[in-house]
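Using my numbering, you'd call the opening residue of the sequence shown number 2 and step up by one each time.
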Amino acid sequence: MDKKVDLRTEILLGKDLPEEVIKMMEDQRVKEYGENTKDFRNKERESTFFFLKGDDEIKAFGMLKPVTLYYKDRSYPIMGIANVIAIEKSKGWGKVLMQKITEYLEINIIPGMGNTYSGNFEFYKKCGYTFVPDLLQRMVYVKDNGKEETTETHTEEGEDYSMFIYDSQNILKEVVEGDKRVVIKVPFW
Ligand SMILES: CC(C)(COP(=O)(O)OP(=O)(O)OC[C@H]1O[C@@H](n2cnc3c(N)ncnc32)[C@H](O)[C@@H]1OP(=O)(O)O)[C@@H](O)C(=O)NCCC(=O)NCCS
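Right, here's the structure in full:
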């Protein structure tokens with residue numbers, strides 16, 4: 002990494018995001034994925050956003066969304082990790098950003114969990130995250146009207162996807178080691 006760059010992290014709640022920052026993330030998502038599927042203005046007001054800045058420029062950003070997992074008769078508050086993007090790749094910005102996100106999870110004693118494709122597995126492993134191969138297939142989104150949606154509808158065909166977690170307190174032990182379905186009541190983050 003370029004040691005000359007003085008890095009700092011700004012943390013903002015979704016409801017406090019300036020319009021130009023929302024636009025920047027939307028544009029970056031279109032650049033990365035060809036489209037933007039996130040509604041930052043309305044659906045992420047309670048999410049926590051991390052902006053890694055250096056030389057007054059945003060180098061990387063990411064988001065933690067409060068989500069509850071329902072497993073057997075218990076509920077588990079977690080943070081859904083999403084919207085992680087390094088503007089310039091392979092400069093170390095992504096890893097520094099994830100270190101800040103991990104610190105936040107540690108301080109708040111809450112597990113973090115995301116979903117990614119095989120091309121990013123090595124990156125998240127290097128950031129200290131663990132992969133739980135069968136978890137994605139066990140996750141079920143139950144809508145307000147009771148209808149269920151499984152993960153097949155939000156993973157791309159032919160791509161290998163997996164959930165990755167950070168849970169130093171082992172809060173999700175039962176969920177991770179179990180084989181039952183894990184219910185979420187918000188769509189995949
Ligand atoms: C994934 C992403 C955030 C990584 O950020 P980055 O700044 O390029 O990664 P870093 O330079 O911090 O890399 C950290 C480490 O991971 C490794 N790494 C990063 N991407 C990798 C990849 N695709 N395959 C293998 N290793 C990788 C680096 O070699 C580095 O290893 P080191 O610590 O041993 O030197 C970035 O590639 C990105 O914005 N991708 C597009 C959006 C995306 O897919 N986001 C994730 C959504 S879940």
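By construction, the Cβ of each residue, glycine as well, lies at the ideal position given by its N, Cα and C atoms.
Own chain residues within Cβ distance below 7 Å of residue i, not counting five before or after
i	result
isoleucine 172	Tyr77 and Pro112
alanine 83	Met64, Lys66, Gly115 and Trp190
isoleucine 23	Phe41 and Arg42
glutamine 170	Ile110
Beta-bridge partners of residue i, as assigned by DSSP
i	result
proline 78	Thr69
methionine 140	Val183
asparagine 146	According to DSSP, asparagine 146 bridges with nothing at all.
methionine 64	Phe50 and Ala83
arginine 9	Lys54
threonine 103	For threonine 103, which the question treats as bridged, DSSP gives no partner whatsoever.
leucine 14	Thr49
methionine 164	Asn116 and Val133
threonine 38	For threonine 38, which the question treats as bridged, DSSP gives no partner whatsoever.
isoleucine 59	Lys54
Close Cβ partners of residue i (< 8 Å) along its chain, the five nearest in sequence each way excluded
i	result
leucine 137	Asn116, Thr152, Thr156, Tyr162, Ser163 and Met164
phenylalanine 122	Phe132, Ser163 and Phe165
valine 31	Asn37
glutamate 160	Tyr118 and Ser119
glutamate 33	Ile86
Burial state of residue i, where buried means 16 or more other Cβ atoms lie within 10 Å
i	result
aspartate 168	buried
glycine 81	buried
tyrosine 130	buried
isoleucine 102	buried
valine 177	buried
glutamate 45	buried
tyrosine 125	buried
glycine 147	exposed
glycine 35	exposed
Close Cβ partners of residue i (< 6 Å) along its chain, the five nearest in sequence each way excluded
i	result
valine 184	Tyr71, Val141 and Val143
leucine 13	Phe50
serine 48	Gly15, Met64 and Lys66
isoleucine 59	Phe52
leucine 18	none
Beta-carbon separation (whole angstroms), residue i vs residue j, contact threshold 8 Å
i	j	result
valine 133	isoleucine 166	6 Å
leucine 8	lysine 54	7 Å
valine 187	valine 85	Incorrect: roughly 18 Å between the Cβ atoms, too far for contact.
aspartate 56	valine 6	6 Å
glutamate 20	phenylalanine 52	At roughly 15 Å, the Cβ-Cβ gap does not stay under 8 Å, so glutamate 20 and phenylalanine 52 are not in contact.
lysine 96	cysteine 128	6 Å
Heavy atom of ligand 3 within 7 Å of residue i beta-carbon
i	result
threonine 38	With respect to small molecules bound, the structure shown includes ligand 1 and not ligand 3.
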